[in-house]
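Heads up: the sequence shown begins at 1 in the UniProt record's numbering, then just goes up one per residue.
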Amino acid sequence: MRNVTPKTTFSTEAGSALIVSLVMLLLISLIGISSMQGTVLQERMASNLQDRNISFQASERALKVGENWLVDNPLSALLNDSLENPASWAGGGNDTVTLNTGDDQLASQPEYHVGWLGDYCPPSPEGALPCYDRFAVTSRAVGGTSTSVVILQSTFMPKP
């Protein structure tokens, strides 16, 4: 009897399944990492939008308080100068008023400033219409972080 040893033939495809599966694993990992980065970016954008919304609402509240103060004290507001630049907000100078809202979501409390802009006399053929004092009511609020600052301004004319 002869011992017949089976001949093993190595195909040229040996080990290709391992390489294909490693390439597929690499592609799936890259897709997963990029989707995680997109999710983190969306979370940051949502957080920043919420922070800006908080500061906008606080600034709007300060603007309304300033307009209501102007209705109640129109003669006192005639003494206030207009706000020159954003640096005028520092230190609460230039007749700025800081609100005590008690809102713990804000990094700092909102402020408002009322400045006199001058008289407004509507044109009329007979000149019988009264003139109005014009005021600029400017409010500034900071959201949950010091980087979200909203400044609003309205031109307000109380009735004489």
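Here a beta-carbon is modelled for each residue, glycine too, at the ideal position from N, C-alpha and C.
Within 10 angstroms of its Cβ, does residue i collect 16 or more other Cβ (buried), or is it exposed?
i           : result
residue 28  : exposed
residue 137 : buried
residue 25  : exposed
residue 96  : buried
residue 34  : exposed
residue 124 : exposed
residue 139 : buried
residue 106 : buried
To the nearest angstrom, report how far apart residue i and residue j are at their CA atoms.
i           : j           : result
residue 159 : residue 150 : 28 Å
residue 17  : residue 30  : 20 Å
residue 102 : residue 108 : 10 Å
residue 21  : residue 32  : 16 Å
residue 47  : residue 61  : 21 Å
residue 197 : residue 73  : Only positions 1 to 160 of the chain appear in this structure, which leaves residue 197 out of reach.
residue 75  : residue 57  : 28 Å
residue 23  : residue 15  : 13 Å
residue 135 : residue 42  : 41 Å
Return yes when the Cβ of residue j is within less than 8 Å of the Cβ of residue i, no when it is not.
i           : j           : result
residue 141 : residue 122 : no
residue 66  : residue 112 : yes
residue 55  : residue 148 : yes
residue 70  : residue 40  : no
residue 119 : residue 104 : no
Just to check my reading of the structure: residue i and residue j have Cβ atoms closer than 8 Å, yes? What is that Cβ distance to the nearest angstrom?
i           : j          : result
residue 152 : residue 63 : 5 Å
residue 145 : residue 51 : 6 Å
Margin query: As an exercise, report each continuous beta strand (DSSP E) stretch of at least 3 residues that is fully enclosed by the UniProt domain "PilX/PilW C-terminal" (85-157), in chain order.
Written below: If you keep only unbroken beta strand (DSSP E) runs of at least 3 residues inside the UniProt domain "PilX/PilW C-terminal" (85-157), you get 96-98, 111-120, 132-142 and 149-156.
Next item on the list: Can you check the segment 35-85 for any alpha helix (DSSP H) of at least 4 residues that lies completely inside it and give the ranges in chain order?
Entry: Counting only runs of 4 or more, we get 74-77.
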